[in-house]
Amino acid sequence: MESKESLAAETARLASLISTHAPYDGTFGKRIPSLSVSRYSQVNENSVNSFDLPSMLIVAQGAKTVTVGQEVYRFHQSQILMLPVALPIALKVTQASHREPYLSVKLVLDPHKIAELALRVYPKGVPAVTKWSAGIILDADVGMISTASRLLNCLTNTSDAELLGPLAMDEILIRVLRSPIGARIAELGFPGSEANRVTRAITWLRDHYSDQIKVAELADMVHMSESTFRVHFKSITSMSPLQYQKALRLHEARRLMLSEIMDATTACYQVGYVSPSQFSRDYSRFFGSPPRRDVIGLRQQVTSG
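In this note's numbering, the protein residues as written are 542 to 846.
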């Protein structure tokens with residue numbers, strides 16, 4: 542049985558490797574697809590809004606809070622946050638300093654890979670899942686942390702990154718699938734499961750965020766009753782289907798204004814709004830500032846950074 546000392550030692554090793562690959566504050570993508578590392582040396586005064594793909598976040602040092610809808614997830618060193626589906630989130634670094642910065646590894650999850658590995662972990666079928674949530678916090682064990690360290694070690698050699706990196710990522714997923722939360726992750730990859738049907742609806746919404754659609758039509762699309770669909774959608778995303786679509790539209794409008802220098806009115810219509818005034822009200826509530834002020838502030842942050 543592993544000891545707290547061995548877990549602490551392995552976590553310290555992972556933190557050291559992250560520091561090497563994230564030499565200053567920021568998030569850094571790496572040569573292994575779907576892998577990134579982060580370092581932040583101060584806490585956030587305000588939450589940072591983002592739209593996250595299905596992902597796994599392993600914290601080696603410091604602490605962070607992630608808010609999804611009405612749910613708040615607080616996690617710290619030697620813990621893992623799983624976000625099994627694509628979600629709009631608000632995140633905040635809550636424990637960090639220049640001497641001991643927040644350090645983490647992030648893996649973007651591939652539902653097809655999860656389904657493939659889940660068949661091997663659960664050859665007789667996935668145990669029934671009765672509880673769902675938008676995020677899942679898992680206490681990491683030595684095996685998970687040491688595998689993450691081996692994954693980062695692969696970055697020093699191109700051949701290792703190409704050949705051994707994917708194997709290390711598979712091992713991390715297998716260890717998660719064998720953990721107490723494994724069935725909840727596995728269910729998302731199994732065709733026909735209610736969780737998988739919700740993920741299919743989420744994929745449709747992401748691809749058609751500007752379309753007008755009724756919830757009943759979306760439920761019918763994934764072969765669920767409207768009432769069952771609403772319950773499962775909210776349990777998995779912590780928001781209703783229409784709230785989810787609204788968040789998608791607002792994030793995309795923000796991206797268009799930032800990266801394509803689009804004005805707010807044009808962005809409003811582009812993402813499916815019919816009323817610029819309603820768009821401005823929703824945007825202000827969601828991001829904390831009206832569109833123009835928010836975008837100017839974000840550009841200033843980039844310039845000053």
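We put the CB at the ideal spot given by N, CA and C, even for glycine.
Since the model is a prediction, treat every value here as computed from it, not as a measurement.
- Within the segment 583-640, the beta strand (DSSP E) runs of at least 3 residues that lie entirely inside it are, in chain order, 589-593, 596-602, 604-609, 612-617, 620-624 and 628-636.
- The segment 608-619 and the segment 769-788 touch, with three or more beta-carbon pairs separated by less than 8 Å.
- Comparing C-alpha distances from residue 773 to each of 729, 569 and 661 shows the shortest one belongs to 729.
- For residue 567, DSSP records a beta bridge to 580.
- Within the segment 764-818, the complete alpha helix (DSSP H) segments at least 4 residues long are 767-778, 782-800 and 805-811, listed from N- to C-terminus.
- In the three-state DSSP reduction, residue 647 falls in the strand class (E or B).
- Your pair residue 706 and residue 692 checks out as a contact, with CB atoms roughly 6 Å apart and the cut at 8 Å.
- With 16 or more other Cβ atoms from the protein chains shown falling within 10 Å of its own Cβ, residue 605 counts as buried.
- Non-local beta-carbon contacts of residue 792 in its own chain, meaning distances under 7 Å to residues more than five positions away in sequence, involve 592 and 629 in chain order.
- A check of alpha carbon separations from residue 571 across 648, 813, 619 and 585 identifies 648 as the nearest.
- Taking one beta carbon from each stretch, the segment 611-625 and the segment 570-589 have fewer than 3 pairs nearer than 8 Å; the two do not touch.
- Annotation: residue 679 is outside any alpha helix (DSSP H); the continuous beta strand (DSSP E) that includes it extends over 677-680.
- A buried status is given to residue 723, since no fewer than 16 other beta-carbon atoms sit within 10 Å of its beta-carbon.
- A Cβ-Cβ distance of about 18 Å is found for the pair residue 715 and residue 670, leaving them out of contact under the 8 Å criterion.
- Put simply, of 713, 656, 685 and 553 the residue whose alpha carbon is nearest the alpha carbon of residue 643 is 553.
- Less than 8 Å separates the beta-carbon of residue 555 from that of residue 690.
- Between residue 748 and residue 813, the C-beta spacing is not below 8 Å.
- According to the DSSP assignment, residue 688 belongs to the alpha helix (DSSP H) that extends over 683-694.
- Closest in alpha carbon position to residue 750, among 794, 712, 805 and 732, is 794.
- The shortest CA-to-CA distance from residue 735 to any of 775, 710 and 789 is the one to 775.
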